[in-house]
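Undergrad: Residue numbering for the sequence shown follows our numbering, beginning at 1 and increasing consecutively.
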Amino acid sequence: MNDSALPNIIVGCPRGCVIAPAGCGKTEQIASAVLHGEGRRLILTHTLAGVDALRVRLKKKGAAPRHYQISTIAAWSLWIASVFPIRSGLSVAMPKSNEEYETVYAAAVNLIKSGCIDGVIKASYSGILVDEYQDCIRVQHELVCALSNLIPCCIFGDPLQQIFGFRSDSLPEWSGEVLCTFPQVADLPKPWRWEIVGNSELGKWLLQCRDELCNDGQVDLRNGPSCVQHLMLEGASREAQYQKKVQLVMKALDKPKGEKCIVIGNSQHEAGRAKLASKVRASTVEPVSCKRLIEFVEKLEKKQGHERLDIVLELVKDVMLKADAASLKKVVKAVAEGRRRIPLNNSQAACVEITRSIDLQPILQLLEEIPKEKKGWIYRRELYSALCSALRGVIAGTHETLEDAVWDVQNRRRHAGRNFGNRNIGSTLLVKGLEFDHVIIVDIETLKRNDLYVALTRGSRSITVISESPILRPKA
């Protein structure tokens, strides 16, 4: 299909679906559709990072703001249900969990299906464009279907990037429920992400891999271009193999300064990814609902005295390298026994105060002072930052409890973009939709078909796979 014809097809179909493989110019096509269409388009996506990317592209193409409204599905649903709270049956004004957000979507669906705002929707929008549709849960799909009964709707998605099927509200079945409602009108065949950086050979190979995976095939790295590398993982024992993996990741991370790398590990093993990050001096990409942070808050509220300090120092060891928790404990013990005569530095004084009160200020002081003293290198930066922000919120009186403050920080970051360094470790669930210069894939045996495709398509310049075989067979 001629690229210039696609925007007209998108805005001209009453209901349609554009299949958009990774890196094939989906954002560009959405922006072009807005320019070619008449009236005002409602553009819905899942994250604020996605909202920002679309807004930047629309501005770059010169689209007038009056011709579009961009929002996350969550924010738009909450807004429309809040405007008509009685008719929608909205029961949660400030949703805090996935379950509560599902009640918000249900309220928005009730409102639209009631017919009482048909005129409002038709007067406000000439059509709807929905991004990353493969990530829509069933109640979100129901919402978009209800809107599509009122105005034209075109969705964009890729069933091979559908990796959130474990959630409580399952995803609608793509070839059945989705395509039956939104018939495919086009696909995006050109790998722009790789062509832009002069790496078209890699982009074409990844589209071939996509075809193989769609047909339940395997990926043979030996057939890839020179920028696709396989590093053999060997070891007589599990520990020896792990040490070898660390060495190979270190080798693969040795890239030119300023180029961003992502190591993709086991999605289900948060602690394992953190351990690897500490070994190779990389920063972890944390889940929004970080288990380690929640665990810390729960334990902290139950302890006082030296047990409270132990919990804090365990966390310090889990987020920083070379933070000498043992020596801090010795200093606190010496102070308690009256043997300490040398003045305390700021981090030592904070530790002593932690044992004497349940105030949160000394915990924040300790977390801030250790890096200043150049005794700790932070490798779980997102966890560290979230905790410090939450502590400041309680200390400033913004929140009554640390649990409330942590939830607020996590909720604000739930739909926000991330700032990455040059060396990062995450999982497919955490980096889907994001782009890096280089991707290094480990724990290949844990990746299902869709996860493998998402992992392979994160790097624009190179792919390195560390595994026992160059032939990648997705997990069943």
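Note that beta-carbon positions come from the ideal geometry of N, C-alpha and C, so glycine has one too.
Comparing the C-beta of Cys209 with each C-beta of chain C, is any distance below 8 Å?
TA: Looking at the structure shown, chain C is missing, and only one protein chain is on hand.
Undergrad: According to DSSP, is Leu54 part of a helix, a strand, or is it coil?
TA: For this step, residue 54 is matched to residue 54 along the sequence shown. Looking at Leu54 - three-state DSSP - the assignment turns out to be helix.
Undergrad: Give the C-beta separation of Ile311 and Lys303 to the nearest angstrom, bearing in mind that I take them to be a contact with Cβ-Cβ under 8 Å.
TA: By 1-based counting over the sequence shown, the position of residue 311 is 311. By 1-based counting over the sequence shown, the position of residue 303 is 303. Between Lys303 and Ile311 the Cβ distance is about 6 Å, and since that is below 8 Å, they are a contact.
Undergrad: Kindly indicate which residue of Asn345, Ile117, Trp174, Leu429 has the alpha-carbon position closest to the one of Ile264.
TA: As a position in the sequence shown, residue 264 is number 264, starting the count at 1. The option with the nearest alpha carbon to Ile264 is Leu429.
Undergrad: When DSSP labels each residue in this structure, what does Gln69 get in the three-state scheme?
TA: By 1-based counting over the sequence shown, the position of residue 69 is 69. The three-state secondary structure of Gln69, taken from DSSP, is strand.
Undergrad: In whole angstroms, what separates the C-alpha of Leu143 from that of Thr446?
TA: Numbered from 1 along the sequence shown, position 143 holds the residue referred to as residue 143. Numbered from 1 along the sequence shown, position 446 holds the residue referred to as residue 446. Here the C-alpha atom of Leu143 lies approximately 33 Å from the C-alpha atom of Thr446.
Undergrad: Taking 8 Å as the threshold (C-beta atoms), are Gln161 and Asn424 in contact?
TA: Residue 424 sits at position 424 when you count from the first residue of the sequence shown. Residue 161 sits at position 161 when you count from the first residue of the sequence shown. No. Outside cutoff.
Undergrad: In chain order, what residues of the same chain lie with their CB nearer than 7 Å to the CB of Met483, ignoring the 5 residues before and after it?
TA: A question about residue 483 goes unanswered here, because the residues of the chain that appear run from 1 up to 476.
Undergrad: Where Leu300 and Arg356 are concerned, what is the direct C-alpha to C-alpha distance, given to the nearest angstrom?
TA: The residue you call residue 300 lines up with position 300 of the sequence shown. The residue you call residue 356 lines up with position 356 of the sequence shown. Taking the CA atoms as reference points, Leu300 sits about 14 Å from Arg356.
Undergrad: Judging by CA-CA distance, which residue of Trp377, Ser467, Leu44 is the nearest neighbour of Lys322?
TA: In the sequence shown, residue 322 corresponds to position 322, counting from 1. The option with the nearest alpha carbon to Lys322 is Trp377.
Undergrad: Pair every Cβ in the segment 93-108 with every Cβ in the segment 60-80, then say whether three or more of these pairs are closer than 8 Å.
TA: The segment 93-108 vs the segment 60-80: in contact.
Undergrad: Would you list the residues sitting across from Lys279 in a DSSP beta bridge?
TA: The sequence position of residue 279 within the sequence shown is 279, counting from 1. Bridge partners of Lys279: none, in fact.
Undergrad: For Leu231, report the span of its beta strand (DSSP E) as first-last.
TA: Residue numbering aside, residue 231 sits at position 231 when the sequence shown is read from its first letter. Element bounds for Leu231: 228-232.
Undergrad: Sort Ser4, Arg292, Gln361 by Cα distance to Gly393 and report the nearest one.
TA: Translated into positions along the sequence shown, residue 393 becomes position 393. Looking at the Cα atoms, Gln361 is the closest of the given residues.
Undergrad: For Asp443 and Arg87, I'd like the C-alpha separation in whole angstroms.
TA: Here residue 443 corresponds to residue number 443 of the sequence shown, with the count starting at 1. Here residue 87 corresponds to residue number 87 of the sequence shown, with the count starting at 1. Looking at the two C-alpha atoms, the distance is approximately 50 Å.
Undergrad: Using DSSP bridges, identify the partner residues of Phe156.
TA: For the purposes of this step, residue 156 is taken as the residue at position 156 of the sequence shown. Bridge partners of Phe156: Val18.
Undergrad: Pull the bridge partners of Asp220 from the DSSP assignment, please.
TA: Residue numbering aside, residue 220 sits at position 220 when the sequence shown is read from its first letter. DSSP output for Asp220 lists Ile471 as bridge partner(s).
Undergrad: I'd like to check one pair, Pro191 with Cys24: are the Cβ atoms closer than 8 Å?
TA: The residue labelled residue 24 in the question sits at position 24 within the sequence shown. The residue labelled residue 191 in the question sits at position 191 within the sequence shown. Yes, the pair counts as a contact, with Cβ atoms nearer than the cut-off.
Undergrad: Determine the closest residue to Arg273 out of Ala405, Ser91, Lys291, Val11, with distance taken between C-alpha atoms.
TA: The sequence position of residue 273 within the sequence shown is 273, counting from 1. Ranking Ala405, Ser91, Lys291, Val11 by Cα distance to Arg273 puts Lys291 first.
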